[in-house]
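See below for the structure under consideration.
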Amino acid sequence: MLGLMKQRLADIHDRIERACDEVERDPSAVTLIAVTKYTTTDKIKEALDLGLRHYGENRVQDAMEKWLELKAKDVTLHMIGPLQSNKVKQAASLFDALHTLDRASLAQEMIKAQWTPSCFIQVNTGEEEQKSGVAPRDLEALLKDLPHQPHGLMCIPPQDDVPSLHFALLATLARRHGLSHLSMGMSADFEAAIRCGATHIRLGSALFDD
Ligand SMILES: *Cc1c(COP(=O)(O)O)cnc(C)c1O
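Written as structure tokens, this is what we have:
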């Protein structure tokens with residue numbers, strides 16, 4: 765019998781493939797990021813043994829505690845939570861990608877720290893006050909202010925909204941600005957995100973919850 769996580773991963777891969785089929789996309793163009801923010805070190809080790817190589821954390825301190833030991837050369841670590849400027853140095857020592865770039869001053873701090881991760885701008889597509897990210901109407905100005913063109917855009921749709929509306933908006937914004945990567949889709953909505961063009965999906969509970 766397959767282990768529970770192995771079974772879940774197989775099921776997730778099936779669902780990714782089916783969603784890709786529906787829109788004639790290549791499944792290899794979708795990167796699965798395993799979000800380990802609520803997970804134990806033991807489960808992370810199990811995921812590593814299953815071959816997962818992309819991981820996401822949303823707090824620098826927690827990530828340091830778990831990953832300094834576990835991080836192998838072939839593991840890509842993604843910062844998916846808001847990043848304070850005073851945490852940039854620490855983040856630079858651990859993370860390979862940043863999904864939550866939301867202001868030019870943060871990009872300046874990153875240059876000072878000589879940190880050049882793959883970057884996604886977080887767009888607050890629902891314009892929610894409590895959520896970070898740049899408002900859609902301010903995206904163009906932010907792009908002009910940044911020292912480097914980012915790789916793509918990221919969003920977290922509002923809890924009570926139809927997620928595909930936000931995914932479609934993010935895809936439209938990315939296309940308009942010539943950005944090729946889209947970080948969107950979580951456990952509850954990753955198939956919709958893939959149908960809208962997600963290149964990076966971020967899954968926590970679908971993989972790890974008991
Ligand atoms: C926690 C988190 C996820 C994973 O959420 P699940 O619903 O558990 O898949 C994805 N993205 C971000 C930014 C998160 O904070």
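Residue numbers for the sequence shown follow our numbering, beginning at 765 and rising by one. Glycine is no exception: its CB is placed at the ideal position from the N, C-alpha and C atoms. Quick caveat, the model's predicted, so the values are computed rather than measured.
Take the alpha-carbon of methionine 918 and the one of tryptophan 879: they are about 19 Å apart. A contact is defined here as three or more CB-CB pairs under 8 Å, and the segment 944-952 meets this definition with respect to the segment 922-935. For cysteine 919, there is no enclosing alpha helix (DSSP H), as DSSP marks it with neither H nor E.
Looking at Leu796, Gly767, Asp973, Met769, the one whose alpha-carbon comes closest to that of glutamate 781 is Leu796. Every alpha helix (DSSP H) stretch that sits fully inside the segment 862-948 and reaches 4 residues is listed by chain position as 868-876, 903-909, 927-940.
Here glycine 820 is near histidine 842, since their CB atoms are less than 7 Å apart. DSSP lists Ala798, Leu841 as the beta-bridge partner residues of tyrosine 819. Rounded to the nearest angstrom, the gap between the Cα atoms of threonine 800 and phenylalanine 972 is 8 Å. Using a C-beta cut-off of 8 Å, the segment 876-894 makes contact with the segment 849-867, since at least three inter-stretch Cβ pairs fall below that distance. Residue nearest to valine 898 within the set Asp924, Leu929, Thr864, His915 is Thr864 (criterion: CA-CA distance).
Per the coordinates, the alpha-carbon of lysine 835 lies some 17 Å from the alpha-carbon of isoleucine 844.
Contact holds between the segment 959-966 and the segment 783-797, because three or more Cβ pairs, one in each stretch, are under 8 Å apart. With a cut-off of 6 Å, the C-beta of serine 969 is classified as near ligand 1, since at least one heavy atom of the ligand falls inside that distance. For valine 824, the shortest separation between its Cβ and any heavy atom of ligand 1 does not lie below 6 Å.
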